[in-house]
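Engineer: Mind having a look at this structure? Questions to follow.
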Ligand SMILES: *Cc1c(COP(=O)(O)O)cnc(C)c1O
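The structure is reproduced here in structure tokens:
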């Protein structure tokens, strides 16, 4: 049996350090907005090459607050990818605006800059590209389209900490970016946490205010804010893991390179790594026209898999009223096809070489079986 993901291995290896970090915070009795959070913000800002990082309660809140901070609100349209985790689009609704979906480049599953350009209207205010599976979207082209029309860019980098495009880290290309520290992400907390990255001092200041009840200082609340801080316990635990992130990323990349060699010539679509991109392989996702049969054959062989994602975002029931009767599959054909065909296979730093061989061999056999 090879599980799709086994967080227990990571935590067993770090048990003593994580326990010491937690004890340090418990001993300090300082739990919210303190030195651990500030240190984590500095460390992550340095890693991403941005001027400011602001810890918040989740990746979802990072997106929602970043959108508000760049000026998105009621009456605005925000263009985002038709193929992502639902939060890339639901947070646009939370910010009071309307999501407008653009289709993906089928090779990389990331937002297509030409499709973004076609989706722009007089009401468009911002673009939310997603660095899906850990690979940077073609962010320079998307930023160029946005800048030419005066639109803000908020990068959804929830799956892509450590990724880069043309040698420059994701998260610093747009006006702001979100990171998620959900436990299964490449840098995962022991609970929920997220972060906003930005080079803009005004955006950082606004997010700091929005995460803490719109506080302008000394209990003077200058706007409607929220309660979404990254707590000290999570920050301390994340700082332990952050020291391993680069080694973990290299391990993920090595597994991906190994899979590419082991699966060379197999009748299955492998991830395409753009030469401009440093892919951090949050997910290693293959595609096959008979995805469900492939997943069943792998399950029978004891290999865990997962589907990211089985429904294109505009096809989600929550967007039915917005998208209308015309099928999402017709308007966003590449997103719809990806939703039918993608399958993620085990890819995490602790996956052994024997397990990698086992997954690849089982995948080859499963392709044969389903013919
Ligand atoms: C995980 C994720 C989010 C949301 O992050 P949470 O921390 O779970 O709120 C947003 N966008 C994408 C693409 C994600 O994968």
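In our numbering, the protein residues as written are -3 to 367. Yeah, the Cβ is synthetic: ideal placement off N, Cα and C, and Gly gets one too. Please read all numbers here as calculations on a predicted model, not as lab measurements.
(1) Alpha carbon to alpha carbon, what distance is there between residue 279 and residue 309?
(2) From what residue to what residue does the alpha helix (DSSP H) around residue 90 run?
(3) Any contact between the stretch 113 to 128 and the stretch 152 to 160? By contact I mean 3 or more CB pairs, one from each, below 8 Å.
(4) Can residue 172 and residue 96 be called in contact, C-beta distance under 8 Å?
(5) Does the Cβ of residue 191 have 16 or more other Cβ atoms within 10 Å, making it buried, or fewer, making it exposed?
(6) Using only CA atoms, which one of 258, 18, 223 lies nearest to residue 58?
(7) Report the option in 15, 145, 81, 60 whose CA atom is closest to the CA atom of residue 120.
(8) Tell me where the beta strand (DSSP E) around residue 343 begins and ends.
(9) Can you tell me where the beta strand (DSSP E) with residue 11 in it begins and where it stops?
(10) Among 285, 89, 44, 231, which residue has its Cα nearest to the Cα of residue 317?
(11) I need the straight-line Cα distance from residue 74 to residue 122, nearest angstrom please.
(12) Is residue 1 near ligand 1, going by C-beta to nearest heavy atom under 7 Å?
(13) Starting from residue 135 and walking both ways along the alpha helix (DSSP H), at which residues does that stretch end?
(14) Please report the distance separating the alpha-carbon of residue 403 from that of residue 202.
(15) Could you check whether residue 229 and residue 27 sit closer than 8 Å to each other, using their CB atoms as the reference points?
(16) Is residue 181 near ligand 1, in the sense that its beta carbon is under 7 Å from a heavy atom of that ligand?
(17) Within 7 Å: the Cβ of residue 224 and any heavy atom of ligand 1?
(18) What residue ranges within the stretch 136 to 217 form continuous alpha helix (DSSP H) runs of no fewer than 4 residues, ordered along the chain?
(19) Relative to the alpha-carbon of residue 14, which residue among 292, 232, 329 has its alpha-carbon at the smallest distance?
(20) Measuring alpha carbon to alpha carbon, tell me which residue in 208, 99, 271, 104 is nearest residue 326.
(21) By the 10 Å Cβ neighbour count, where 16 or more other Cβ atoms means buried, how is residue 117 classified, buried or exposed?
(22) Just checking residue 126 against ligand 1 - is the residue's beta carbon closer than 7 Å to any of the ligand's heavy atoms?
(23) Buried or exposed: residue 215, going by 16 or more other Cβ atoms within 10 Å of its Cβ?
(24) Relative to ligand 1, is the shortest distance from any of its heavy atoms to the C-beta of residue 152 smaller than 7 Å?
(25) For the putative contact between residue 207 and residue 52, defined by C-beta atoms under 8 Å, what is the C-beta separation to the nearest angstrom?
(26) Pick helix, strand or coil for residue 248, following the three-state DSSP scheme.
(27) Could you give the residue range of the alpha helix (DSSP H) that holds residue 31?
(28) Would you give the residue range spanned by the beta strand (DSSP E) that residue 121 belongs to?
(29) Do the stretch 332 to 342 and the stretch 295 to 302 meet, that is, are 3 or more Cβ pairs less than 8 Å apart?
(30) The beta strand (DSSP E) that contains residue 53, what's its start and end?
(31) Please confirm whether any heavy atom of ligand 1 lies closer than 7 Å to the CB of residue 55.
(32) Is any heavy atom of ligand 1 found at a distance shorter than 7 Å from the C-beta of residue 305?
Structural biologist: Reading from the atomic positions:
(1) 18 Å
(2) 83 to 90
(3) Contact between the stretch 113 to 128 and the stretch 152 to 160 is present, because at least three Cβ pairs lie under 8 Å.
(4) no
(5) Buried.
(6) The option with the nearest alpha carbon to residue 58 is 223.
(7) 145
(8) Per DSSP, residue 343 belongs to no beta strand (DSSP E) and is neither H nor E.
(9) Run containing residue 11: none in the beta strand (DSSP E); it sits in the alpha helix (DSSP H), 3 to 24.
(10) 89
(11) 5 Å
(12) no
(13) Residue 135 -> alpha helix (DSSP H) spans 135 to 144.
(14) Shown here, the chain extends from -3 to 367; a query on residue 403 therefore has no answer.
(15) yes
(16) yes
(17) no
(18) Listed in chain order, the alpha helix (DSSP H) elements of length 4 or more contained wholly in the stretch 136 to 217 are 197 to 206.
(19) 232
(20) 99
(21) exposed
(22) Under cutoff, so the answer is yes.
(23) Per the 10 Å Cβ criterion, exposed.
(24) yes
(25) Sure, about 5 Å apart at Cβ, within 8 Å.
(26) Helix.
(27) Counting along the chain, the alpha helix (DSSP H) containing residue 31 begins and ends at 31 to 44.
(28) 120 to 124
(29) yes
(30) Careful: residue 53 lies outside any beta strand (DSSP E) and carries neither H nor E.
(31) yes
(32) no
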